[in-house]
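There are 2 protein chains.
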Amino acid sequence: MEGTPLGDGPTINTIAERAGVSIASVSRVLNGLPTRRETERKVLAAAEELGYVRNAVARSLKSRRTHQVAFAMADIGNPAYLAMLREIQPVLKAAGYRLVLHSTDAVVADEIDVLHSLGERYVDGLIMSPLRVTDAHLESLAAARTPVVVIGSVPEGTRADNVRADSRTGVRLAVDHLHALGRRRIAMVNGPLDTVPGAARGAAYREALEELGLPYDDDLVQIGDFYRAEGARAVAELLARVPDVDALMCANDLIALGALDVLRASGRRVPDDVAVVGMDDTDLAAASWPSLTSVSLGSAERGKAAAELLLQRLRGDDSAPRLVTVPPRLVVRASTAGNRADGPYDRKEGGV
Amino acid sequence: MEGTPLGDGPTINTIAERAGVSIASVSRVLNGLPTRRETERKVLAAAEELGYVRNAVARSLKSRRTHQVAFAMADIGNPAYLAMLREIQPVLKAAGYRLVLHSTDAVVADEIDVLHSLGERYVDGLIMSPLRVTDAHLESLAAARTPVVVIGSVPEGTRADNVRADSRTGVRLAVDHLHALGRRRIAMVNGPLDTVPGAARGAAYREALEELGLPYDDDLVQIGDFYRAEGARAVAELLARVPDVDALMCANDLIALGALDVLRASGRRVPDDVAVVGMDDTDLAAASWPSLTSVSLGSAERGKAAAELLLQRLRGDDSAPRLVTVPPRLVVRASTAGNRADGPYDRKEGGV
DNA sequence: TTGTATGCGTTATCAC
DNA sequence: GTGATAACGCATACAA
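As structure tokens, then:
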């Protein structure tokens, strides 16, 4: 195969000419429709010689299907979304769909843009995971002419499939676990309360304490942001205010890693002095030392479920919107149970 | 905005009818071409009422541009590729391109498929990062009618822009560092030698020792695979064979994490007894404890450079193929220098 | 079985 | 300035 000179590629017209048949015959052969042996031979030979490849755009215009699906994540830097992505990709690929990625940086306008752009029909469906769901989201969702699966919570009645985590139960699992270990001064290190996860996890913490009969203490709640450095700063403040805290319920793994840094720097042992729990069970939880007990909210499962739901819609299923809730799971590691197995090998991790 | 009944969306024909003008006028207005005030008003009103959105497929067929770019990574589970992705995405987005993701699982046939599928013209360009470059790659690359940027090494004369890491210098930096710390029994824990990185890093290790005047000792080289569990297994074997090793040069971060696990389990202190260096400087390196000294091969920079190179091509630049080499950088953390700053906050990490 | 002709939704080139 | 009309590349209903 010598270096093909750039320029316009061959079309079915080129082939038709070369093979001495009509474009209809070319199309038929290429689509496996019944044709005479000789015609088929000529067409395939011409196609081969010319290095013909079907133009996906023209084909989409005709068929009204692009074989593309979009995934809109709030933040491409967030390992939790990447975990979803890792599951979504192979499912779609196996079904013959390409994946178009959008990172909206949790900007509402960007998310609305993505929904609006569905009208451009460059994808057959969308999976989206918004950080918060506004009225604008719901309007655009209602107007969408393309199947959409939302990872996160949407109000009942929304015309979109919905895959949810259950962070309420998740926090409960964690707090119960800490309580069972004998911890009684369990603090909460949360992210901003105006985000969906922040609000949900904060409320769940309060509920969990209540059910355990533990008093709720404002001093034990520290708001920061969902990043490692912010988490560290928040925990430093917390320790200054409440030195005798014996457990930290962190609203995500990054915060928890920041917590480990600060606890270590302050000379506290984990978990002996302070037990730490994160959320999302990202790769980082298994990598840290001590390895981090974390509440898995099923990022991977949610991604997979969303992809499968969407595929069903793409196959023509137009039944009522579905709701899938993925149960949380507490993954106990060293940060709450020092002498238990670390379990760093229980997750698939990429190589090279 | 009431729930729009599903069905075919409006086209410029619908608008033309509604506005009482021709489709040509509609197109003009929509494209900002000079039109009478009144026409413009009618068209825009109709478009607004109908909730019109341009059909991207039809537009692409006509314009021969899809405003999509593909990124083909060897393994979506690998943090190093995700680091590239995180840089590529915003660059393309800012330039108005969508990102189509392919994970080829390092299967050569899949990679060739991706190259071949460029002929379908569903993307305007491609960034790919193959684990190895075969003749089949080069042939498909030569036949490509679309700009391609390869992250990795391609032979001179290949008609594709090329962004390279310099793992040779990278290994050298690491080995020099270990040597400077007084280590003399420096082992290499590598991945398979039939991969490009495996081969390059293995050779570089040998070279580095030579330049330092250290003897090369087969016993100090252990081949495993580029995963954490494999790395752990390899290091266990190594320790059994060479108990007095005082430094480990690991071919990537995952291997290094596995090494930390095993060293810890064997009662060795890091870095006091054994210093450990990883490669790729992934997020995991900063998260682990002790935090991991790692050679950054500039995954992020390479991704960014690749995206920018591709954008230049998409803007029409058809000059000779470019070669960009990103210099490696040693990021010293606790696994080789116990009392230095951990620096866990020097990298941007995702939140929530 | 095969060819002719039409449409998918846009953009662009003409005359008017 | 505006309206017919012809592509873009493919699939297909219909006629032959």
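Which chain is which? The protein sequence lines are A and B, in order.
For the first sequence, the tail end lands on 351 under numbering that gives the first Met the number 0, and the numbers increase by one without skipping.
For the second sequence, the tail end lands on 351 under numbering that gives the first Met the number 0, and the numbers increase by one without skipping.
Glycine is no exception: its CB is placed at the ideal position from the N, C-alpha and C atoms.
| Item | Value |
| --- | --- |
| Under 8 Å Cβ-Cβ, which residues of chain B neighbour Tyr-96 of chain A? | Under the 8 Å cutoff, chain B gives no residues; its nearest Cβ is about 11 Å from Tyr-96 of chain A. |
| Using a Cβ-Cβ distance cut-off of 8 Å, determine whether Ile-111 of chain A contacts chain B. | no |
| Considering Thr-168 of chain B, what are the terminal residues of the beta strand (DSSP E) in which it resides? | Run containing Thr-168 of chain B: none in the beta strand (DSSP E); it sits in the alpha helix (DSSP H), 166-179. |
| Alpha carbon to alpha carbon, how far is Leu-247 of chain A from Pro-242 of chain B? | 39 Å |
| Would the stretch 155-169 of chain B and the stretch 92-104 of chain B be scored as touching if the rule is three or more Cβ pairs under 8 Å? | no |
| I'd like the ranges of any beta strand (DSSP E) spanning at least 3 consecutive residues and lying wholly in the stretch 108-155 of chain B. | 124-128, 147-150 |
| Assuming Val-174 of chain A contacts Ala-207 of chain A (C-beta within less than 8 Å), just tell me the rounded distance between them. | 4 Å |
| When you check each C-beta in the stretch 52-78 of chain B against every C-beta of chain A, which residues fall closer than 9 Å? | Val-52, Arg-53, Asn-54, Ala-55, Val-56, Ala-57, Arg-58, Ser-59, Leu-60, Arg-63, Thr-65, His-66, Gln-67, Ala-69, Phe-70, Ala-73, Asp-74, Ile-75, Gly-76, Asn-77, Pro-78 |
| What does the Cβ neighbour count give for Glu-229 of chain A, buried or exposed, with the cut at 16 atoms within 10 Å? | buried |
| Label Leu-32 of chain B either buried or exposed according to how many other C-beta atoms from any shown protein chain fall within 10 Å of its C-beta, with 16 as the threshold for buried. | exposed |
| Would Tyr-215 of chain A pass as a contact of Leu-253 of chain A if the rule is Cβ separation under 8 Å? | no |
| So, for Val-106 of chain B: in the same chain, excluding its five sequence neighbours on each side, which residues have a beta-carbon less than 6 Å away from its beta-carbon? | none |
| By the 10 Å Cβ neighbour count, where 16 or more other Cβ atoms means buried, how is Leu-353 of chain B classified, buried or exposed? | Chain B is shown from 0 up to 351; residue 353 of chain B falls before or after that span and cannot be answered. |
| Leaving out the 5 sequence neighbours to the left and right, which residues in its chain are closer than 7 Å to Asn-12 of chain A when beta-carbon positions are compared? | Ile-22 |
| At which residue ranges does the stretch 217-265 of chain A contain complete alpha helix (DSSP H) runs of 4 or more residues, listed in the order of the chain? | 227-240, 252-264 |
| Report the partner residues of Gly-277 of chain B according to the DSSP bridge assignment. | B:Ser-293 |
| Figure out for me which residue from A:Gly-201, A:Thr-157, A:Val-147, A:Ser-59 has the closest Cα to the Cα of Ala-304 of chain A. | A:Val-147 |
| Taking the beta strand (DSSP E) that Val-325 of chain A falls in, what are its first and last residues? | 322-325 |
| CB-CB under 6 Å to Leu-291 of chain B, same chain, minus the five flanking residues each way: which ones, in chain order? | Ala-255, Gly-277, Ala-284, Arg-332, Ser-334 |
| Compare the beta carbon distance of Asp-245 of chain B and Arg-184 of chain B with 8 Å and say whether it is the shorter of the two. | yes |
| Could you list which residues in chain A have their beta carbon closer than 9 Å to that of Tyr-121 of chain B, in chain order? | Asn-54, Ala-55, Val-56, Ser-59, Thr-65, His-66, Gln-67, Arg-97 |
| If contact means a Cβ-Cβ distance below 9 Å, which residues of the stretch 132-143 of chain B contact chain A? | Glu-138, Ser-139, Ala-141, Ala-142, Ala-143 |
| Against chain A, which members of the stretch 267-284 of chain B pass a CB distance test of less than 7 Å? | Asp-282, Leu-283 |
| Gly-118 of chain B touches chain A at which residues, Cβ-Cβ below 7 Å? | Gly-8, Val-52 |
| Who does Ile-11 of chain B pair with in a DSSP beta bridge? | Answer is none; Ile-11 of chain B lacks a bridge partner. |
| In chain B, what lies closer than 7 Å to Leu-114 of chain A by C-beta? | Chain B residues near Leu-114 of chain A: none, gap ~11 Å exceeds 7 Å. |
| Just how far apart, CA to CA, sit Ala-73 of chain B and Ala-108 of chain A? | 33 Å |
| For Ser-298 of chain B, report the span of its alpha helix (DSSP H) as first-last. | 298-313 |
| Might you give, ordered along the chain, the residues of its own chain that have their beta carbon closer than 8 Å to the beta carbon of Lys-41 of chain B, omitting 5 neighbours on each side? | Ala-18, Gly-19, Val-20 |
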